[in-house]
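For the sequence shown, our numbering begins at 7 and goes up steadily by one.
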Amino acid sequence: MQLLGVLEHSTVLRFNSIFEGLPKTLGSTDGRYKELKDTIRKATPPLIPYLALTMRELVSVSKSASNYIEGDLVNFTKMRRYTRIIHSLLQHQKDPYDFNFDPEILKVLLTTELPGDENALYEYVDELRDRPL
Numbered sequence: 007m008q009l010l011g012v013l014e015h016s017t018v019l020r021f022n023s024i025f026e027g028l029p030k031t032l033g034s035t036d037g038r039y040k041e042l043k044d045t046i047r048k049a050t051p052p053l054i055p056y057l058a059l060t061m062r063e064l065v066s067v068s069k070s071a072s073n074y075i076e077g078d079l080v081n082f083t084k085m086r087r088y089t090r091i092i093h094s095l096l097q098h099q100k101d102p103y104d105f106n107f108d109p110e111i112l113k114v115l116l117t118t119e120l121p122g123d124e125n126a127l128y129e130y131v132d133e134l135r136d137r138p139l
C-alpha cells in the first residue's frame with residue numbers, strides 16, 4: 007500500500023515517463039479489474055501484490071454468502087473461494103526477491119531529505135525531472 011501511495015502521489019505522477027510503458031487499461035475498473043487480475047495471474051513470481059484488489063475480492067466473498075448453510079453446515083464453496091484468493095497471493099510471494107545491493111542507492115536513500123511542505127516538494131520534483139537520466 008505504501009508503494010502504491012507513493013506512486014499515486016501527485017508529485018510522482020508528474021514523472022510521465024515512468025508510466026508510459028504501462029497499458030492505459032491496466033487500472034480500468036471495467037469488468038472488475040479484469041485486465042489487472044489477468045496480468046497478475048500471468049506474472050512470474052515474485053510479485054508485490056495490489057492489496058486493495060485482494061481485499062476487495064475477500065470482502066466480496068465475505069458478503070456473497072453465509073459461512074454456514076442449512077443451519078450448521080460449513081459453506082465449503084465460500085471457503086474454497088477464500089482459499090483461491092489467499093493461495094494466489096501466497097504463490098506470488100513464494101520466490102525471494104533478487105535485489106542487488108548497491109551502496110550508492112542506499113546512500114541516496116538514507117541521506118536525501120525531502121522537503122516537508124507540498125510546494126517545496128513540487129519544486130524539488132521539477133528539478134529532478136529536468137535532470138538527464
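C-beta atoms are modelled at their ideal positions from N, C-alpha and C, and glycine is treated no differently.
Report yes if the C-beta distance between residue i and residue j is below 9 Å; otherwise report no.
{"i": "Lys100", "j": "Pro55", "result": "no"}
{"i": "Val67", "j": "Arg87", "result": "yes"}
{"i": "Leu127", "j": "Leu120", "result": "yes"}
{"i": "Leu28", "j": "Ser34", "result": "no"}
{"i": "Val80", "j": "Asn73", "result": "yes"}
{"i": "His93", "j": "Ala49", "result": "no"}
{"i": "Thr45", "j": "Leu32", "result": "yes"}
If you reduce the DSSP assignment to three classes, tell me which class residue i lands in.
{"i": "Tyr130", "result": "helix"}
{"i": "Leu79", "result": "strand"}
{"i": "Tyr74", "result": "strand"}
{"i": "Leu59", "result": "helix"}
{"i": "Ser68", "result": "helix"}
{"i": "Leu6", "result": "Residue 6 lies beyond the range of the chain shown here (7 to 139); nothing can be said about it."}
If you follow the alpha helix (DSSP H) that residue i is part of, which residue opens it and which one closes it?
{"i": "Arg47", "result": "Lys40 to Lys48"}
{"i": "Thr117", "result": "Pro109 to Thr117"}
Find the nearest neighbour of residue i within the set the options, judged by alpha-carbon distance.
{"i": "Leu96", "options": "Asp108, Thr60 and Asn73", "result": "Thr60"}
{"i": "Glu63", "options": "Lys113, Val131 and Arg90", "result": "Arg90"}
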